[in-house]
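Step one of this worksheet: look at the structure below.
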Amino acid sequence: MIIAGVYSFNRGREIIETTYTAELEEIKQIIAAVDAEICKTKVSEEVTMEGKILYSPRALNQAFDDEFEAREWRTERVLCDYPTEFYVDGYEPSSATKGAFREMDFIKRRVGVEVQFGKYAFMVYNVCAKMTIFHNMDKIDAGVEIVPVKDLAANMSTGVSYFEQFVWDLEHRGVADIDIPVLILGVAAESERE
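Numbered according to my numbering, the sequence shown spans residues 264 to 457.
Below, the structure is given as structure tokens:
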């Protein structure tokens, strides 16, 4: 795959390029090592593109997992100890709240990475909530979000969000004082370059 777009949220590019040079180089190597064409395995059942062969988000995620793990990036889970004092009198929560957790795809030397080939809400959550939570829990200082550009998303299932949409919203949202520096990388299949 190739990096087709770069966006600096809250000075993310500047911080990552100057403070986390080695980690950024590894991330670039990982992206280049992922062969998107072998992940083009999903046969669409959607009416608008029935039978079309699409990029599989699951296969792309697995390819990224393999590359990050080979370079000793680790997944980090934090348990959620949900508060109970906000329930109304007489309500007893189910045991389903036990064992809940939040997970960062990859962490190495205080850089958190999320790879997102899913719905738009997950991209926003990753950058505007999850990375802040992991920073507040003293796990990361900066983040990198890897997302598809529109050309790649157009060859995936309907509803997959993309870099251009995400950047537009972040530009119009602005930066809050709780946001951490995040470098957003828009990726494309190598074949899209041709």
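Quick reminder that beta carbons are idealized off the backbone N, C-alpha and C, glycines included.
Rounded distance between the beta-carbons of residue j and residue i, thought under 8 Å
| i | j | result |
| --- | --- | --- |
| VAL438 | LEU415 | Between LEU415 and VAL438 the Cβ distance is about 27 Å, and since that is not below 8 Å, they are no contact. |
| LEU317 | PHE380 | No, LEU317 and PHE380 are not in contact; Cβ-Cβ is about 11 Å, not under 8 Å. |
| GLU408 | VAL390 | 6 Å |
| PRO444 | GLY275 | 4 Å |
| VAL341 | MET400 | 6 Å |
| PHE369 | THR338 | 6 Å |
| LEU546 | ILE279 | Outside the displayed span of the chain (264 to 457) sits residue 546, for which this structure offers no information. |
| VAL374 | TYR270 | With a Cβ gap of about 17 Å, VAL374 and TYR270 do not count as contacting. |
For residue i: DSSP bridge partner residues
| i | result |
| --- | --- |
| GLU339 | MET367 |
| TYR350 | Paired residue(s): none; TYR350 is not in a bridge. |
| ALA405 | VAL374 |
| ALA451 | ILE265 |
| LEU317 | LYS305 |
| LEU287 | Beta-bridge pairing links LEU287 to no other residue. |
| TYR270 | ILE447 |
| VAL410 | GLY449 |
Residue i (DSSP reduced to helix, strand or coil)
| i | result |
| --- | --- |
| ALA392 | helix |
| ASN418 | coil |
| PHE429 | helix |
| MET400 | coil |
| GLN292 | helix |
| VAL387 | helix |
| GLU300 | helix |
| SER357 | coil |
| VAL507 | Residue 507 lies beyond the stretch modelled for the chain, which goes from 264 to 457, so this question has no answer here. |
Residue i: first and last residue of the uninterrupted alpha helix (DSSP H) it sits in
| i | result |
| --- | --- |
| ILE278 | 275-282 |
| GLU332 | 320-333 |
| VAL423 | Counting along the chain, VAL423 falls outside any alpha helix (DSSP H), and DSSP gives it neither H nor E. |
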